[in-house]
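Novice: Below is the structure I would like to discuss, written out as structure tokens.
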Amino acid sequence: MQKQAIFQSKLLPYALVAPQLAIVLIFFYWPALQAMIQSFLLQDAFGLSTSFVWFENYIELFKEPAYFEAILRTFFFSFAIAVSSLSFALLLAVMADKPLRGSMLYRTLLIWPYAVAPPVVGVLWIFMLHPSLGVLSRYLRALGIDWNPLLDGDQAAALIILAAAWKQISYNFLFFLAGLQSIPRSVIEAAAIDGARPMRRFWTVIFPLLSPTIFFLLVVNIVYAFFDTFGIIDTMTRGGPGKSTETLVYKVYTDGLLGGNLGSSAAQSVILMIMVIVLTGIQFRFVERKVTY
Amino acid sequence: MANVTLRSVRKTYPGGFEAIKGVDVDVGDGQFCVLVGPSGCGKSTLLRMVAGLETVTGGEIDIGGRVVNGVEPADRDIAMVFQNYALYPHMSVYNNMAYGLRNRGMAEAEIKTRVEEAARVLELSAMLERKPRQLSGGQRQRVAMGRAIVRQPKVFLFDEPLSNLDAKLRIAMRVEIRKLQRRLNTTSIYVTHDQLEAMTLADILVVMNGGQVEQIGNPLDIYEKPATTFVASFIGAPPMNLVSTRPEEIRLQLAGSNAADAGILGIRPEDFVITDETPDGGIALALTVEAIERVGAETFVYGSREQEDQRVAATPGELPPGEVIVRIPGTQAPAIGARIRVAAVRAKLHLFSGDGRKRIEA
Amino acid sequence: MVEEEGFRRYIAHIILWIGIAIVAFPVYLAFVASTQDNAVIANGQMSLLPGGHFFQTYYQTIFIGTSGSTREPVGNMMLNSLVMALLIALGKIAVSIISAYAIVYFRFPFRMALFWLIFITLMLPVEVRIYPTYKIVADLHMLDSYAGLSLPLIASATATLLFRQFFMTVPDELLEASRIDGAGPFRFFWDTLLPLSRTNMAALFVILFILGWNQYLWPLLITTRDDMQTIQIGIRKMITTTDALTEWPIVMATAVLAMLPPVFVVVAMQKLFVRGLVETEK
């Protein structure tokens, strides 16, 4: 944990750590603490007085069916986004891993979407699938689908999932490619000589050896779906129609900013914090146990 | 069981690099063939082409009478032992060995019999449930061999399997591999860069350099009658001494034989004796002792000649050796700086053309 | 391998190109839209090929802005985004590298405690602590300022972790040799450690710059003045209005412009980018 060769200064290290520490304390711990405190408070309608209400905000939250719906919805979105994005990215990575000509080119052409910001993703997709003027909407209608995500909750959800999955493809692709390339070629060759055709090789050798990467990406994708989708939702559906695309993080935003219920919003933040800590905790523990061959 | 025949096999990579320039080899059923040569000579590439891991640009590869150029590795009925073992990290030793049999749809009961038998032979029975990362290098190597044996393939392929082991283990395993192969009588092709391994293992030795075959034959034949200066200095350690035949001193001694056409004279260190007499038709050289190496059973004497500019390299473009090496049995050796005279009989002289590519019989 | 010849190869190429098409299509469409006439688009009749309004639309976008709710020229917004992204990237690198330096190369009380304190910040993205952070920034009078935009985002620990990991792999002999040569902590840092860290810093810079440029929720909350908006907010505001008023070509041109710098950075510094991604996620 510590290097053997070190300097002897006693004050200097504090000075070096100070800037980051200051920022972290002021802009991370203090607000986190405030969020926790706020979650125990209730402001009256005019914001004139605040009272300490213990866990009332939390209890109210759990009594609210909309909250549970939001939880389910968020998890559903997360898995849908993760699974669709991961599968397609895996397919692309497996194809790109072959010794093809121009594989460098393919990699370049597939990783740049990482740079696209969530709100831009939202704008692009709402433009493509806009009920009246979207280019793809034309084709959907030609197929007989009554496409209007601004009115149909399920279609709106599908839209969000599609857009969010699209954005994540390049990130997943990159990590899958790195994972595939870390599998020694000779092991795959040995499997081929052992009588395994490409498909069998994939499922019996490559996939198991890729599982740490898969698990890691699963957690990352879920966390991404929890938070980074905010920009996408805000530009495309704003949580509607009728809350059908309101995820937990979006609910924190609407209840707080638009609804003025800071106490409840803070409680939701705290619950989200706990969820993320648990998720990252699971990831760290599993990664610790991940065996390097 | 099957023979393996390579007919005019060539391989050129997409960039234009010609890795294999036309190779013909015939390995009979049950024979142990060793491909030996320096790094980059193409021996591994050739082996991988037989395995189906590299494509063939020209010529034919024949296993058991069937041309296999376009056949997938899975269908060639071969088994391969890799240099780094290539064991499946996520499977137990048992499953590593069972994998190939399962792929062929064999019944679990029979798989069990075969795997346990192979484990017994290779002394792996106690480790069947362990994972590769829990094994030592030598144990992993045996698992790799076990994986090959249970398949009972037509051909065994070995890609420098002993290179990653320490010296002692290497010698022990070398013997084991040979014994095993004799017992199973499976045709085997073995790649190594170690000429000692090559000499001790091979029924047929194929010496390669630069994508081409320099010589094929019985190891002892190759040792006694190397076809080119490359083979002459590659096989046998310390390497054969090669000197140019131009200097007066040498030419005079060689007069009256085909030596006139020869450009290069080769004499093995073990074929020199320190003596003042010159045998009939033989060669004698005057040397100044520069260094002595005693290894217990024998001593190597490094001596320099007056005309150092007449040294010759084994392959054009390489640096010639610095000194003439002489091997003496035992530990008695001349002092450093002493002037000695060494001689070799006619029968032990090797003559080659000036470019080193042709052997000339004296 | 033998089986990789022939039609399997073609299939691989085909699938990859389909992937590239899927990935590129929305962006391509945006570009096409930005060169077309708004009326045509609103009618749903937009063709799939670029139109002729390229210069006109982009000029208007960059220098004039829409007549809708954002009257801000996109050029300005891009400047704001640029400043914010640079501040975040550079600020984070600077602050983290000296922190990591202290933690690795010095021994002092509370060293590990401070390290964990910083480490925990990895876990929570800004969205979770959004309101209290807003309140604090407001109290510090940092709303509508570049400082307010960037400081809270510098607070997380990814860079510190990366530098710490990297410093641990630097051989001790280097430090010992430096000390024998009479160098103190500053000299060592400046002359030896910093040059060694160059590639890591560059890789981090790429990732952080993109992160900063793509920030959305936070700038949304703390900027109230039009001229302090970043381009991500600009885009969002442009499509808030009802469809009849949305000037799609300008919106799409803005989207294209919003994508250009980060995409350019990713492509131009691809190797560093990939390295940065893989390293920070470990």
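Listed in order, the protein sequences are those of chains A, B and C.
Oh and the first sequence: position 88 is 95 in this note's numbering, straight run, nothing missing.
Oh and the second sequence: position 5 is 1234 in this note's numbering, straight run, nothing missing.
Oh and the third sequence: position 250 is 363 in this note's numbering, straight run, nothing missing.
The beta-carbon is built from N, C-alpha and C at its ideal position, and this holds for glycine as well.
Among B:Val1233, B:Ile1433, B:Leu1398, which residue has its Cα nearest to the Cα of Leu1449 of chain B?
Specialist: Residue mapping note: residue 1449 of chain B aligns to position 220 of the second sequence, counting from 1. Nearest option by C-alpha distance: B:Ile1433.
Novice: Can you confirm whether Ala1248 of chain B, when its beta carbon is compared against all beta carbons of chain A, has any partner nearer than 8 Å?
Specialist: As a first step, residue 1248 of chain B must be located in the second sequence, where it is residue number 19. Not an interface residue.
Novice: Closer than 7 Å by C-beta to Val1279 of chain B: which residues in its own chain qualify, once you throw out the five before and the five after it? Chain order, please.
Specialist: Position 50 of the second sequence, counted from the start, is the residue given in the question as residue 1279 of chain B. These residues qualify, in order along the chain: Val1233, Ile1290, Leu1386, Ile1418.
Novice: Kindly say whether Met1309 of chain B, judged by its beta-carbon, lies nearer than 8 Å to any beta-carbon of chain A.
Specialist: For this step, residue 1309 of chain B is matched to residue 80 along the second sequence. Yes, Met1309 of chain B counts as interfacial toward chain A.
Novice: Identify whether Asn1232 of chain B lies in helix, strand or coil by the three-state DSSP scheme.
Specialist: Position 3 of the second sequence, counting from 1, holds the residue named residue 1232 of chain B. Note: Asn1232 of chain B maps to coil in three-state DSSP.
Novice: Distance check for Trp37 of chain A and Tyr300 of chain A, CA to CA, integer angstroms please.
Specialist: Taking the first residue of the first sequence as position 1, residue 300 of chain A is located at position 293. Taking the first residue of the first sequence as position 1, residue 37 of chain A is located at position 30. With a pLDDT of 31 at Tyr300 of chain A, under the threshold of 50, the modelled position of this residue cannot be trusted; read the value that follows with caution. Taking the straight line joining both Cα atoms gives about 43 Å.
Novice: Near Ile323 of chain C, which residues of its chain fall below 6 Å by C-beta distance, leaving aside the five closest residues on each side in sequence?
Specialist: The residue you call residue 323 of chain C lines up with position 210 of the third sequence. Cβ within range, chain order: Pro375.
Novice: Determine the burial state of Leu18 of chain A: buried for a count of at least 16 other Cβ atoms within 10 Å of its Cβ, exposed for fewer.
Specialist: As a first step, residue 18 of chain A is located in the first sequence; it is residue number 11 there, counting from the start. By the neighbour-count rule (16 or more Cβ atoms within 10 Å), Leu18 of chain A is not buried but exposed.
Novice: Among all the DSSP beta bridges, which residues are the ones paired with Pro1558 of chain B?
Specialist: Numbered from 1 along the second sequence, position 329 holds the residue referred to as residue 1558 of chain B. The partner list for Pro1558 of chain B (beta bridge, DSSP) reads B:Glu1527.
Novice: Buried or exposed: which applies to Val298 of chain A, given that a residue is buried once 16 or more other Cβ atoms fall within 10 Å of its Cβ?
Specialist: Within the first sequence, residue 298 of chain A is the residue found at index 291, counting from 1. Confidence in Val298 of chain A is poor, its pLDDT being 40 and thus under 50, which makes the residue's placement unreliable; the coordinate value appears in the next sentence. Flag for Val298 of chain A reads exposed.
Novice: Pull out every residue of the segment 260-277 of chain A whose Cβ sits closer than 9 Å to any Cβ of chain C, in chain order.
Specialist: Those residues of the segment 260-277 of chain A that come within reach of chain C (Cβ to Cβ, closer than 9 Å) are Tyr260, Gly263, Leu264, Leu269, Ser272, Ala273, Ser276, Val277.
Novice: Quick one: what's got a C-beta closer than 8 Å to Val379 of chain C's C-beta in the same chain, skipping five residues either side?
Specialist: Position 266 of the third sequence, counted from the first residue, corresponds to residue 379 of chain C. Closer than 8 Å at the Cβ level, and outside the excluded window around Val379 of chain C, lie Val319, Ile323, Phe386.
Novice: So, does the CB of Ala1347 of chain B fall closer than 8 Å to a CB anywhere in chain A?
Specialist: In the second sequence, counting from the first residue as 1, residue 1347 of chain B sits at position 118. With 8 Å as the cut-off, Ala1347 of chain B does not count as an interface residue toward chain A.
Novice: Note down, in chain order, every chain C residue with its Cβ under 8 Å from the Cβ of Trp37 of chain A.
Specialist: Residue 37 of chain A sits at position 30 when you count from the first residue of the first sequence. Those within 8 Å of Trp37 of chain A in chain C are Pro245, Ile249.
Novice: Could you tell me which chain A residues have their CB closer than 7 Å to the CB of Val387 of chain C, listed as they occur along the chain?
Specialist: Position 274 of the third sequence, counted from the first residue, corresponds to residue 387 of chain C. In chain order: Leu181.
Novice: Please tell me whether Tyr1328 of chain B has its Cβ less than 8 Å away from any Cβ of chain A.
Specialist: Position 99 of the second sequence holds residue 1328 of chain B. Judged by the 8 Å Cβ criterion, Tyr1328 of chain B is in contact with chain A.
Novice: Which residues of chain C have a Cβ atom closer than 8 Å to the Cβ of Lys17 of chain A, listed in chain order?
Specialist: Within the first sequence, the letter at position 10 stands for residue 17 of chain A. Chain C residues near Lys17 of chain A: Phe221.
Novice: When the Cα of Gly165 of chain C is compared with those of C:Leu142, C:Phe176, C:Thr174, C:Ala146, which residue comes out closest?
Specialist: Translated into positions along the third sequence, residue 165 of chain C becomes position 52. If we check each option's Cα against that of Gly165 of chain C, C:Ala146 comes out closest.
Novice: Taking only beta-carbon atoms, is Ser193 of chain A less than 8 Å away from chain B?
Specialist: Stepping through the first sequence from its first residue, residue 193 of chain A is reached at position 186. Yes, Ser193 of chain A counts as interfacial toward chain B.
Novice: Report the neighbours of Leu187 of chain A on chain C: residues whose CB is nearer than 9 Å to its CB, in chain order.
Specialist: Residue mapping note: residue 187 of chain A aligns to position 180 of the first sequence, counting from 1. By Cβ distance, chain C contributes nothing, its closest Cβ being about 13 Å from Leu187 of chain A, past 9 Å.
Novice: Using CA atoms only, rank isn't needed, just tell me which of A:Phe62, A:Val285, A:Phe34, A:Glu76 is closest to Gln45 of chain A.
Specialist: By 1-based counting over the first sequence, the position of residue 45 of chain A is 38. For the residues A:Phe62, A:Val285, A:Phe34, A:Glu76, the minimum Cα distance to Gln45 of chain A belongs to A:Phe62.
Novice: What are the start and end residues of the alpha helix (DSSP H) that includes Gly1367 of chain B?
Specialist: Looking up residue 1367 of chain B in the second sequence gives position 138. Residues 1366-1379.
Novice: Excluding the 5 residues preceding and the 5 following Ser1273 of chain B in the sequence, name in chain order all residues of the same chain whose CB lies nearer than 7 Å to its CB.
Specialist: Within the second sequence, numbered from 1, the residue matching residue 1273 of chain B stands at position 44. Same-chain partners within the cutoff: Asp1388, Val1420.
Novice: Keeping to the same chain, check which residues put their C-beta closer than 6 Å to that of Ile346 of chain C; ignore five residues upstream and five downstream.
Specialist: Looking up residue 346 of chain C in the third sequence gives position 233. Closer than 6 Å at the Cβ level, and outside the excluded window around Ile346 of chain C, lie Pro332, Leu333.
Novice: So which residues of chain B does Pro215 of chain A contact, with C-beta pairs closer than 7 Å?
Specialist: The residue given as residue 215 of chain A occupies position 208 in the first sequence. Result: His1319.
Novice: Report yes if the C-beta distance between Val1436 of chain B and Ile1464 of chain B is below 8 Å; otherwise report no.
Specialist: By one-based count along the second sequence, residue 1436 of chain B stands at place 207. By one-based count along the second sequence, residue 1464 of chain B stands at place 235. Yes, these two residues count as a Cβ contact at 8 Å.
Novice: So Arg1570 of chain B is in the beta strand (DSSP E); what residue range does that whole segment cover?
Specialist: By 1-based counting over the second sequence, the position of residue 1570 of chain B is 341. First-last of the beta strand (DSSP E) with Arg1570 of chain B: 1568-1573.
Novice: Is there a Cβ from chain C that is less than 8 Å from the Cβ of Met206 of chain A?
Specialist: Within the first sequence, residue 206 of chain A is the residue found at index 199, counting from 1. Chain C contact via Cβ: absent.
Novice: What residue ranges within the segment 238-274 of chain C form continuous beta strand (DSSP E) runs of no fewer than 3 residues, ordered along the chain?
Specialist: Runs of the beta strand (DSSP E) inside the segment 238-274 of chain C: none found.
Novice: Residues of chain A with CB under 7 Å from Pro1302 of chain B, in chain order?
Specialist: Position 73 of the second sequence, counted from the first residue, corresponds to residue 1302 of chain B. Within 7 Å Cβ-Cβ: Ala199, Ile200.
Novice: Are there 16 or more other CB atoms within 10 angstroms of the CB of Thr1560 of chain B, so buried, or fewer, so exposed?
Specialist: If you number the second sequence from 1, residue 1560 of chain B lands on position 331. By the neighbour-count rule (16 or more Cβ atoms within 10 Å), Thr1560 of chain B is not buried but exposed.
Novice: Between Thr236 of chain A and the rest of its own chain, which residues show a CB-CB distance below 6 Å, the 5 nearest in sequence each way excluded?
Specialist: On the first sequence, residue 236 of chain A is found 229 positions in, with the first residue counted as 1. Counting only Cβ-Cβ distances below 6 Å, and skipping sequence neighbours, we find Ala171.
Novice: From this set, C:Arg242, C:Phe138, C:Ile267, C:Glu240, which residue's C-alpha is nearest Leu321 of chain C's C-alpha?
Specialist: As a working mapping, residue 321 of chain C is identified with position 208 in the third sequence. The candidate whose alpha carbon is nearest that of Leu321 of chain C is C:Ile267.
Novice: Within a Cβ cutoff of 6 Å, which residues of the same chain sit near Ser177 of chain A, ignoring the five residues on either side of it in sequence?
Specialist: Counting from 1 along the first sequence, the entry for residue 177 of chain A is found at position 170. Answer for Ser177 of chain A: Leu117, Ile118, Pro120, Tyr121, listed in chain order.
Novice: Based on the DSSP secondary-structure assignment, which residues constitute the bridge partners of Arg1412 of chain B?
Specialist: The sequence position of residue 1412 of chain B within the second sequence is 183, counting from 1. None; Arg1412 of chain B has no bridge partner.
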